[in-house]
Structure formats: structure tokens, C-alpha cells
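Participant: I am attaching a structure below and will ask some questions about it afterwards.
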Amino acid sequence: MITADSNVFVYLYDDQEPEKRATAELVVRALAERRTMLALQVVGEVQNVLRRKFKAPNWKAAQVGYNLLQTFETFAYSRDAVDRALGQLSAGHRSYWDALLLASADEAGCTVLLTEDMGDGERLGNVEIVNPFAKGGGLSARAGELLEA
3 MITADSNVFV YLYDDQEPEK RATAELVVRA LAERRTMLAL QVVGEVQNVL
53 RRKFKAPNWK AAQVGYNLLQ TFETFAYSRD AVDRALGQLS AGHRSYWDAL
103 LLASADEAGC TVLLTEDMGD GERLGNVEIV NPFAKGGGLS ARAGELLEA
């Protein structure tokens with residue numbers, strides 16, 4: 003099962019990055035059609051970025067969060083996921099929030115995390131990190147393979 007990080011959803015609202023916005027639209031549409039799962043952490047991160055970076059009013063950021071909750075099944079993090087994230091942080095491997103997202107996605111049975119914020123091709127547990135954005139623009143080859151399968 004594929005899930006996505008907050009940056010994929012944030013690009014839906016970024017007028018400064020039209021190519022990434024178009025790719026994010028394609029990715030989110032494919033994920034919604036597949037009825038994939040989304041971390042509750044991502045819902046919180048998206049509304050936070052919309053308010054802070056894009057200066058969206060609270061009601062609009064909240065509506066985006068509600069829309070994500072309506073569109074996707076969700077998963078939360080557990081005590082074990084927090085423990086794994088702290089271990090990754092203390093070892094200097096990842097930020098706490100990135101490690102927490104990966105650990106909770108792993109627990110939820112996700113095998114792929116689409117994100118541009120972590121090392122493309124790396125793994126944590128059973129979760130492969132895939133950057134959906136190709137360097138020259140558009141959808142990356144690996145993301146295309148996964149979303150077409």
C-alpha cells in the first residue's frame with residue numbers, strides 16, 4: 003500500500019511551483035482512487051503549512067484537513083512507532099517527525115511513502131521512500147510504476 007507525506011499535498015496549493023502542483027494533483031488523484039491510507043500526522047502537517055507558509059485562514063486550512071479525512075482512510079502512530087522514531091533520532095539517521103511517519107506507515111502496512119523530503123530509494127522497515135517528483139519535472143519513473151500497478 004502506498005501513502006504520501008505532507009509535501010505532496012502541500013504542492014496542491016503552491017502557485018509558485020506549477021510543475022510540482024500538476025504532479026501532486028496526478029499523485030493525489032491516483033491515491034484517492036486507490037483508497038490508500040494517510041497518516042493523521044500528515045493531516046496536521048498540511049494544515050499547519052497552509053496557515054504558516056501560505057497564510058491561509060484557519061477555516062480554509064481546517065477545511066483542507068477535513069477533506070483529507072473524508073478522502074482517505076487514516077492511521078495514527080503508536081507508542082512503538084514513537085520508540086522507533088526516537089531511536090532513529092538518537093542515532094542521527096532521521097528527524098523525529100520523518101522517522102515517526104515512516105514507523106507508523108510501516109505499522110499500518112504501507113510499503114511505500116511518497117515524499118521529496120527523505121532519501122529516494124531508502125527504506126525503514128518495510129517502507130520504501132520514493133520521490134514522486136522527477137528531477138526534470140513531472141512524475142518520477144518509480145512513482146509512475148507504483149501508481150500504475
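With my numbering applied, the sequence shown covers 3 to 151. C-beta atoms are modelled at their ideal positions from N, C-alpha and C, and glycine is treated no differently.
Which two residues bound the contiguous alpha helix (DSSP H) that contains A32?
Facilitator: The residue you call residue 32 lines up with position 30 of the sequence shown. Looking at the DSSP string, the run of the alpha helix (DSSP H) that includes A32 is 20-36.
Participant: Buried or exposed for N9, going by 16 or more other Cβ atoms inside 10 Å?
Facilitator: The count along the sequence shown starts at 1 and reaches residue 9 at position 7. By the neighbour-count rule (16 or more Cβ atoms within 10 Å), N9 is buried.
Participant: Would you mind sorting L71 into buried or exposed? The rule is 16 or more other CB atoms within 10 Å of its CB.
Facilitator: Translated into positions along the sequence shown, residue 71 becomes position 69. So L71 counts as exposed.
Participant: Just to confirm, is the Cβ distance from A169 to L116 under 8 Å?
Facilitator: With the chain represented from 3 up to 151, any question about residue 169 goes unanswered, as that position is not in the structure.
Participant: Tell me which residues share the same chain as G139 and place their Cβ nearer than 7 Å to its Cβ, disregarding the 5 neighbours each side in the sequence.
Facilitator: Residue 139 sits at position 137 when you count from the first residue of the sequence shown. Contacts found: E21.
Participant: Where G94 and E130 are concerned, what is the direct C-alpha to C-alpha distance, given to the nearest angstrom?
Facilitator: Position 92 of the sequence shown, counted from the first residue, corresponds to residue 94. Position 128 of the sequence shown, counted from the first residue, corresponds to residue 130. Each residue's alpha carbon lies about 19 Å from the other.
Participant: Around the Cβ of Q49, are there at least 16 other Cβ atoms within 10 angstroms (buried) or fewer (exposed)?
Facilitator: Numbered from its first residue, the sequence shown carries residue 49 at position 47. That one is buried.
Participant: Tell whether a beta-carbon distance below 8 Å holds between A78 and L42.
Facilitator: Working through the sequence shown from its first residue, we reach residue 78 at position 76. Working through the sequence shown from its first residue, we reach residue 42 at position 40. Yes, Cβ-Cβ distance for A78 and L42 is below 8 Å.
Participant: Within a Cβ cutoff of 6 Å, which residues of the same chain sit near M120, ignoring the five residues on either side of it in sequence?
Facilitator: For this step, residue 120 is matched to residue 118 along the sequence shown. Taken in chain order, the residues that qualify are D100, I131.
Participant: Could you tell me the boundaries of the alpha helix (DSSP H) in which L14 lies?
Facilitator: Translated into the one-based positions of the sequence shown, residue 14 becomes position 12. It is not in any alpha helix (DSSP H) - L14 carries neither H nor E in the DSSP assignment.
Participant: Taking buried to mean at least 16 other C-beta atoms within 10 Å of its own C-beta, is Q18 buried or exposed?
Facilitator: Counting from one through the sequence shown, the residue named residue 18 turns up at place 16. Its Cβ having fewer than 16 others within 10 Å, Q18 is exposed.
Participant: Which one of N69, P134, E118, E109 has the shortest CA to CA distance from L126?
Facilitator: As a position in the sequence shown, residue 126 is number 124, starting the count at 1. When only C-alpha atoms are compared, the closest one is E109.
Participant: Can you tell me whether R81 is helix, strand or coil according to DSSP?
Facilitator: The residue labelled residue 81 in the question sits at position 79 within the sequence shown. Looking at R81 - three-state DSSP - the assignment turns out to be helix.
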